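According to numbering that gives the first Met the number 0, numbering within the sequence shown proceeds without interruption in unit steps and concludes at 67.
For every residue, glycine included, the Cβ atom is placed at its ideal position computed from N, Cα and C.
A quick note: this is a predicted structure, and the numbers were derived from the prediction, not measured.
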Amino acid sequence: MLVIRFLRTGKKNQPSFKLVVVEKTKSSTSGRFAEEVGFYNPLTKEKVLRGDRIKYWLSVGAKPSPTV
0 MLVIRFLRTG
10 KKNQPSFKLV
20 VVEKTKSSTS
30 GRFAEEVGFY
40 NPLTKEKVLR
50 GDRIKYWLSV
60 GAKPSPTV
């Protein structure tokens with residue numbers, strides 16, 4: 000089952016997050032994700048989402064994680 004979840008990147012005390020599509024059984028930190036569909040920087044409140052790709056993955060059966 001595919002899941003849309005956040006992948007934490009960045010340095011210590013400077014987090015940023017990639018929004019990735021990954022198999023539920025795989026760890027999101029392993030680097031083996033199907034596609035990156037956006038990112039979010041909580042320090043600057045910057046976010047970029049690729050809505051067309053998110054809609055595609057949701058139509059294929061991917062489920063968003065509770066934090067997304």
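message = Using 8 angstroms for Cβ pairs, my map puts Glu34 next to Arg7. What's the rounded Cβ distance?
response = Between Arg7 and Glu34 the Cβ distance is about 18 angstroms, and since that is not below 8 angstroms, they are no contact.
message = So, with DSSP's three-state summary, where would you put Arg52?
response = helix
request  = Can you check DSSP and say which residues form a bridge with Ser15?
outcome  = Thr8
request  = With Gly37 as the anchor, note down where its beta strand (DSSP E) starts and where it stops.
outcome  = 34-40
request  = Determine the DSSP secondary structure at Val67, reduced to helix, strand or coil.
outcome  = coil
query = Should Val47 be labelled buried (16 or more other beta-carbon atoms within 10 Å of its own) or exposed?
reply = exposed
task = Take Thr43 as the anchor and find which of Met0, Val36, Ser15 has the nearest alpha-carbon.
result = Ser15
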